[in-house]
Every structure is written in structure tokens, then in C-alpha cells.
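K.L.:
The sequence shown runs 5 to 584 under the working numbering. From the three backbone atoms N, C-alpha and C, an ideal C-beta is built for every residue, glycine too.
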Amino acid sequence: DIEEARERSYTQFKLKLENIQLIYANQNESWEKARQEKNTNIHLIKPMELDLDVGKCIYSDDAVLPAWKVAGKLPSVDLRLSDKRLFQIMTHMQSIPFPESKHPVIVAQSIEPEPTLVPSSLSNPEQTLQTIEGMTPVLKTKEKAEAEENKDNQIQGIDTNEKKKEFEGQLTQLEAIFTLDKIAVHIDESMKENNEEAPFLRLTLESIVAQTKIKTFDMEFDASLANLIVYHEQFIGKDNQQLRLLSAQLEQNPNNDENQKLVSVNFLHTSPENPLFLTSDYNGIENRAHVHFSKLVVTLQLEALLSILRFQDSLMKQLPQDTPENQEKKKQEEEMKKQQEQKNTEDNKNIDKTTGKVVQKKDVPAAPSLKIDADLEEFRIILASKQAKLFDIQVQGVKAYVSQAPEKTLVNLILSDLCILDPYKDARYRKIISQQGDDKELLRVDLSLFNYPEGYQKAIDVFDCDVKVQFAKANIVFLFKHIDAILGFLDSLNITKAALNIASTQADAAYEQVQKLQEQAFKVHLDITFNAPNIIIPTNSYSDQALFLDLGKLILKTNFYDDPRKSLVEQQNIRFENML
5 DIEEARERSY
15 TQFKLKLENI
25 QLIYANQNES
35 WEKARQEKNT
45 NIHLIKPMEL
55 DLDVGKCIYS
65 DDAVLPAWKV
75 AGKLPSVDLR
85 LSDKRLFQIM
95 THMQSIPFPE
105 SKHPVIVAQS
115 IEPEPTLVPS
125 SLSNPEQTLQ
135 TIEGMTPVLK
145 TKEKAEAEEN
155 KDNQIQGIDT
165 NEKKKEFEGQ
175 LTQLEAIFTL
185 DKIAVHIDES
195 MKENNEEAPF
205 LRLTLESIVA
215 QTKIKTFDME
225 FDASLANLIV
235 YHEQFIGKDN
245 QQLRLLSAQL
255 EQNPNNDENQ
265 KLVSVNFLHT
275 SPENPLFLTS
285 DYNGIENRAH
295 VHFSKLVVTL
305 QLEALLSILR
315 FQDSLMKQLP
325 QDTPENQEKK
335 KQEEEMKKQQ
345 EQKNTEDNKN
355 IDKTTGKVVQ
365 KKDVPAAPSL
375 KIDADLEEFR
385 IILASKQAKL
395 FDIQVQGVKA
405 YVSQAPEKTL
415 VNLILSDLCI
425 LDPYKDARYR
435 KIISQQGDDK
445 ELLRVDLSLF
455 NYPEGYQKAI
465 DVFDCDVKVQ
475 FAKANIVFLF
485 KHIDAILGFL
495 DSLNITKAAL
505 NIASTQADAA
515 YEQVQKLQEQ
525 AFKVHLDITF
535 NAPNIIIPTN
545 SYSDQALFLD
555 LGKLILKTNF
565 YDDPRKSLVE
575 QQNIRFENML
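1) By how many angstroms is the C-alpha of GLY492 removed from the C-alpha of ILE385?
2) Buried or exposed: SER547, going by 16 or more other Cβ atoms within 10 Å of its Cβ?
3) Just mark THR303 as buried or exposed, buried being the case when its beta carbon has 16 or more other beta carbons within 10 Å.
4) Could you tell me if GLU3 is buried or exposed, where buried requires 16 or more neighbouring beta carbons within 10 angstroms of its beta carbon?
5) Counting only runs that start and end within the segment 227-299, where is the beta strand (DSSP E) found for 3 or more residues in a row?
6) Over what stretch of residues does the beta strand (DSSP E) that includes ALA489 continue unbroken?
7) From ILE233 to LEU300, what distance separates their C-alpha atoms?
8) Helix or strand or just coil, what does DSSP make of ASP87?
9) Is it right to say ASP566 is buried, meaning 16 or more other beta carbons lie within 10 angstroms of its own, or is it exposed?
10) Let me know the secondary structure DSSP gives LYS42 once reduced to three states.
11) On the three-state DSSP scale, how would you describe GLU200?
12) If we ignore side chains and look at the alpha-carbon of each, how far apart do VAL471 and LEU26 end up?
13) Whose CA, out of SER452, TYR460, SER420 and LEU451, lies closest to the CA of ASP442?
14) Taking C-alpha atoms, which residue in LEU56, ASN416, GLN246 and GLU345 lies nearest to LEU21?
15) Is the beta carbon of ALA536 sitting closer than 7 Å to the one on LEU553?
16) Let's test the definition: count the other Cβ atoms within 10 Å of the Cβ of ALA478 and tell me whether it reaches 16, buried, or not, exposed.
17) In terms of residues, what are the limits of the alpha helix (DSSP H) holding SER318?
18) Between the segment 265-273 and the segment 218-237, do at least 3 Cβ pairs fall closer than 8 Å?
19) Which residues does DSSP pair with ASN577 in a beta bridge?
20) Using the DSSP secondary-structure output, state which residues sit across from THR413 in a beta bridge.
21) Cutting at 7 Å between CB atoms, please list the residues of its own chain near LYS167, excluding the five before and the five after it.
22) Determine, using beta-carbon pairs with one atom in the segment 314-321 and one in the segment 398-414, whether at least three such pairs fall under 8 Å.
23) Whole angstroms are fine: how far does the CA of MET52 sit from the CA of ALA75?
24) Pick from LYS390, LEU417 and ILE490: whose alpha carbon is nearest that of ASP379?
25) So, is PRO70 buried or exposed, given that buried needs 16 or more other C-beta atoms within 10 angstroms?
26) Assign ALA9 to one of three DSSP states: helix, strand, or coil.
27) Where does LYS390 fall in DSSP's three states?
28) Exposed or buried, which one is VAL68 when buried takes at least 16 other CB atoms within 10 Å?
29) Quick one: what's got a C-beta closer than 6 Å to SER80's C-beta in the same chain, skipping five residues either side?
30) From ASP87 to ASP243, what distance separates their C-alpha atoms?
31) DSSP on LYS429, reduced to helix/strand/coil?
32) Could you tell me how far apart the beta carbons of THR562 and GLU581 are, in whole angstroms, since I believe they sit closer than 8 Å?
33) So LEU451 and GLN408 are supposed to be a Cβ contact under 8 Å. How far apart are they, rounded?
34) Got a sec, what are the start and stop residues for the beta strand (DSSP E) VAL481 sits in?
35) Taking just the CA atoms, how far does LEU387 sit from ILE436?
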């Protein structure tokens, strides 16, 4: 049997660790007794075991068998932490003195000397040709050069074929797989009444698998997570079980392993020295990653959210605050850092002015060094209270693509569908927000960031950022019961006022960013097509009569042109179409 022959080709090493545990005990708590009981309140990590199998191949030049094989398995990890225990650990860590640097180290920017161009001594080509003609026959030299070039091409072709054959037999240095069946994180809440701890949240990660292969030119890494579940242990769901705040909606299909995983990650790294680096297998890309998410369901129950916010507020109030001396010290360090950055920027500008050089952009595009593909099948959010479900929000078909090259970075985002439903199946207007038509893309965003060399003089039609947005038509139904439910939900969480404060802060931050971009002369080209939604306002929730309002289409485009009185003019063209 081939498998048995492969197993015999390895020298096996087995390692097993038992009773691995982490305990944090105060002065009045016995850690020795906790070690024997193995399940106490002072256990941060309950006892667990680790199995590790290591195999070394007896053949050092076999292209099929990996030189090393490592297999690790951890059955389960059980962590428990309470807010009270967390602050005890933080206080203990802060009491440990750490060495501090008295003076911040400022690294001066190195300035490379400008290379000096030496003019060629062969300023007269005719005289040069006559000199060469007198020394050796030009025709024979040309024929000899062509023969040598053809010989070099043949040798290069032979070398490429040999490299391809060599690549097919590249060695696998390491093959490793690590399996973790389950991770359970318990978060307890300390009760002020009786100074005891009660279960609050439980986070469970199921079936974590990570495996890698390291070869002569490649490194492959694969990881997957079967399920992620968050329980609120102080609330009960409709199935008389602990309330699930977050979980995966997996399809039980034994023939397809991809559907059995909540998250799967695939990463491939190759070296530019790879003989097949420029072939269709790699396309000159050093790093390639693919991330896949299946269906994830989030349940936001009002009462459970209120308890989590209350728990968070209690934690934030107990966090240690910085003293005025530390705050003043941080401000001084930030000011010194800003001054140093401004000084370096001014020095670079002075150097460019002194040299007076003009940098030209290369016409040959460089191959991307990084590509990331990510897709999400479905993301579902259920807003509910103890009495009933309020809204069912479904986001389907999210795809993201990132390509990074030395000269350009591309980002593409596609949203296939967004739908907000009334959970009541017999509702007359069940689709509160839905897409009109059968378009496969509700939203598409294409972002291009161009990296130009320092000192490069851009033409008028050359810009730093190109943004293209396309938004398809959607239908929005306004009913009083929906608006009242949303306002009641937000009011119960006190989100309205906080959202206004956050919006104001973000507006100020956006204004500062715009000012910085204007100072840097950052040119952004916009091409936005926004199909405004149809607004439907029924007379009541059971009526067929409604007010229909079509907001048409909004088109926004940016143009740049020269103006004798100004260096550059940016023009925004805004057009509304088909408004009813």
C-alpha cells in the first residue's frame, strides 16, 4: 500500500502535554487546591491537553514526501473571566515597574546624494564609426553578434525548460496541520448584592483547522472556522435555550465541505525567483489571498442589548484614567513628533527645489504584488424585543477585491442585494426596502489609488484617485408602524443623541481631511451614478392605495481644466434625471 510505504518513510516523534492550566489567585485564595480540583472560579484556563506528532522523512531529496510533517491537536480550550477578575489582573500588571526611556529617540531622515550625470565622450558619432571601421570589419562583427544572440536565446529557452522541470519537482520542506475542536470563552458579571459572579456571555468557536505547506518557492496556508456562536446566558430564546446573539446558518450538505464552514481562508505566497512566476499559474503575483464567509445570523434583542450596554458602561467607568502628568507628557511627545515630521517635509521640499529634477513616470505597469478576494454569501440581522420580532435585514452577495501594485491600488466592492422585511408573513407590505428589477448588482464601487514618484509633474487629466459608484434602483415603503418601531428601538438604547454627536464629530473630522487634501493638491475624480429610490407611502398597512414618488437619477462627474488666472480648476457636474 502506498500510504503504508509513506508512513514507513518517516521517523516519528510523539509529544503529549496534559493538565495545561492558567490560574490567577489572590492572597486569600489557594492555588494549590485549585490545581487539584481543576474547575474553580480562579481558573482562567481550565486544564487541557495537547497532542503533537512530528515526523522526519528519511529521504532528503524526495519531491513527493515532505521533509517534515507536523500534526497538532487540541481537543478544547475553556476560558473564564469576570469583570472583577479582569480589573484585579490589570491592577497587578500596572504595579509591575517597567523601564522607561528618559529621552525619545528621534531618527533623522537619511538624505541620499544626487547622482551626477557624466556626459559621454563620444560626441561625434561619424568619427566614432570611422574609427571602429578602421579597426575591424563592421559586417563580420554584426554577423558574429547576431549569431551569439541567437545562441543565447537558445540557451535561455533550454534553461527555462529545465527550470520548469525543476519546479515540477520542487521539494516540500514542511507540511503542518493544527486542529482545535472547540474554544469556549465565558464572561461573568460580578453581582454587587452578594459579591458573587453570575454567567453573562459565552462565546464558542467550533472546529478551527489551520494547515500550511512550505515548499522551495511557495508557501500555502489554509484555515477554516466551522461555527461562531455568542450566547447571552441571562436571556432565554423561543426554543427555551439560551439566547443566541450570533451564529452561523450552515447548510448540511456532506458532499460540499465549503458550506460546512463559516469562514475559510486560503493564502499563497511565492518568490519572484520562482521559474513559473510570470506564467498563468501565478501571473507575477507574490501574495494571493481568498476569504470566504458563509451565512451569518445576528439577533439584536432589545433587552439583551441594554444589558450588554450597561455592562460595557460599568467596565468603562472602572478603567484606570490617565493622570494629568501622563496626559501632558503624551501631548508634548505628539507635538515633538509633528514638528519633526514638518521639518522632514520642508527639508525634502528644499532638496527638490535645489536639484530641480523632473521625475517621469514609467510607462510599463508593474505587476501587482498582492491580490485579495473576499466574498460573503449572506449576512442577516434580526431586530427584536422580548415580545416579537421587529425587522429582518438580509444582506446577500457581498464581494470585495483588492489589488496592490507599486504604481496603483485597486479596490472593488459589490453588493448584490439588500432587503429589509417585516417578520409578519401575512403583512400587505412585507418588503420595507427591496431592490427594483432583477439587477445582479445593487451597489458597485470601484476605487483606484495611483502612486506617483516624488517630484512627478502630473498633467491636467492625471489624478491621484478615481472613484466610480453605481447604485441601482430600490423601493422604500414608509409605514407609521415601521417608523414608530425604529424610533422606539433607538430611543430605548439612547442611540439617537449619541448618533447625532458621532455624526457631528465625523463631520468635523471629514472637514479636516478635506482641508489636508486641498493643501496636498490631492486630485479626486468622481464618476457616480445614483438611482434614487422609489418612495411608496400607503394610506395604511392594509390599503392598496399609496403615494408614489420617483426621485429619478443623480449623476455626478468631476472634470479638471486649465485656467489662465488659476493653476487648476476642479469642476463638479451634477445632473438630475427622470424625477416624478
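P.N.:
On the basis of the coordinates in this document:
1) Looking up residue 385 in the sequence shown gives position 381. Looking up residue 492 in the sequence shown gives position 488. Their Cα atoms are separated by approximately 18 Å.
2) The residue labelled residue 547 in the question sits at position 543 within the sequence shown. It is exposed - the Cβ of SER547 has fewer than 16 other Cβ atoms within 10 Å.
3) Against the sequence shown, residue 303 aligns to sequence position 299. Counting Cβ neighbours within 10 Å, THR303 comes out buried, since at least 16 surround it.
4) What the structure shows of the chain is the stretch from 5 to 584, and residue 3 is not part of that stretch, so it cannot be assessed.
5) 246-252 and 267-274
6) As a first step, residue 489 must be located in the sequence shown, where it is residue number 485. Run containing ALA489: none in the beta strand (DSSP E); it sits in the alpha helix (DSSP H), 484-497.
7) As a first step, residue 233 must be located in the sequence shown, where it is residue number 229. As a first step, residue 300 must be located in the sequence shown, where it is residue number 296. Each residue's Cα considered, the two are about 10 Å apart.
8) Start at 1 with the first residue of the sequence shown, and residue 87 comes out as number 83. Of the three classes helix, strand and coil, the one that applies to ASP87 here is helix, per DSSP.
9) Working through the sequence shown from its first residue, we reach residue 566 at position 562. By the 10 Å Cβ count, ASP566 comes out exposed.
10) To locate residue 42, count along the sequence shown from 1; it is residue 38. It is coil, neither helix nor strand.
11) Along the sequence shown, read from residue 1 onward, the residue named residue 200 stands at position 196. Coil at GLU200, not helix or strand.
12) Position 467 of the sequence shown, counted from the start, is the residue given in the question as residue 471. Position 22 of the sequence shown, counted from the start, is the residue given in the question as residue 26. Rounded to the nearest angstrom, the two C-alpha atoms are 51 Å apart.
13) Within the sequence shown, residue 442 is the residue found at index 438, counting from 1. Minimum Cα distance to ASP442 is reached at SER420.
14) As a working note, residue 21 is residue 17 in the sequence shown. That would be LEU56, whose Cα lies nearest to the Cα of LEU21.
15) Here residue 536 corresponds to residue number 532 of the sequence shown, with the count starting at 1. Here residue 553 corresponds to residue number 549 of the sequence shown, with the count starting at 1. Going by C-beta atoms, ALA536 is not nearer than 7 Å to LEU553.
16) For this step, residue 478 is matched to residue 474 along the sequence shown. Label assigned to ALA478: buried.
17) The residue labelled residue 318 in the question sits at position 314 within the sequence shown. Element bounds for SER318: 306-322.
18) yes
19) Position 573 of the sequence shown holds residue 577. Bridge partners of ASN577: LYS561.
20) By 1-based counting over the sequence shown, the position of residue 413 is 409. According to DSSP, which records beta bridges pairwise, THR413 is partnered with GLN408 and LEU453.
21) Within the sequence shown, the letter at position 163 stands for residue 167. Note that LYS167 scores a pLDDT of 49, beneath 50, so its modelled location is shaky; the value from the coordinates is reported in the next line. Hits under 7 Å: PRO279.
22) no
23) Sequence index remark: in the sequence shown, residue 75 carries index 71 (1-based). Sequence index remark: in the sequence shown, residue 52 carries index 48 (1-based). Distance between the alpha carbons of ALA75 and MET52: 17 Å.
24) As a working note, residue 379 is residue 375 in the sequence shown. For the residues LYS390, LEU417 and ILE490, the minimum Cα distance to ASP379 belongs to LEU417.
25) Position 66 of the sequence shown, counted from the start, is the residue given in the question as residue 70. So PRO70 counts as buried.
26) Against the sequence shown, residue 9 aligns to sequence position 5. ALA9 falls in the helix class under three-state DSSP.
27) One-based indexing of the sequence shown puts residue 390 at position 386. If DSSP states are grouped into helix, strand and coil, LYS390 belongs with coil.
28) Start at 1 with the first residue of the sequence shown, and residue 68 comes out as number 64. Exposed, because fewer than 16 other Cβ atoms sit within 10 Å of the Cβ of VAL68.
29) What you label residue 80 is simply residue 76 of the sequence shown in a count that begins at 1. Counting only Cβ-Cβ distances below 6 Å, and skipping sequence neighbours, we find ASP185 and LYS186.
30) Sequence index remark: in the sequence shown, residue 87 carries index 83 (1-based). Sequence index remark: in the sequence shown, residue 243 carries index 239 (1-based). Roughly 29 Å between the two C-alpha positions.
31) The count along the sequence shown starts at 1 and reaches residue 429 at position 425. Correct three-state label for LYS429: coil.
32) By 1-based counting over the sequence shown, the position of residue 562 is 558. By 1-based counting over the sequence shown, the position of residue 581 is 577. Wrong, their Cβ atoms sit about 18 Å apart, outside the cutoff.
33) Within the sequence shown, numbered from 1, the residue matching residue 451 stands at position 447. Within the sequence shown, numbered from 1, the residue matching residue 408 stands at position 404. Incorrect: roughly 12 Å between the Cβ atoms, too far for contact.
34) Locating residue 481 in the sequence shown gives position 477, counting from the first residue. Where VAL481 is concerned, the enclosing beta strand (DSSP E) stretches over 478-481.
35) Walking along the sequence shown from the start, residue 436 turns up at place 432. Walking along the sequence shown from the start, residue 387 turns up at place 383. C-alpha separation (whole angstroms): 14 Å.
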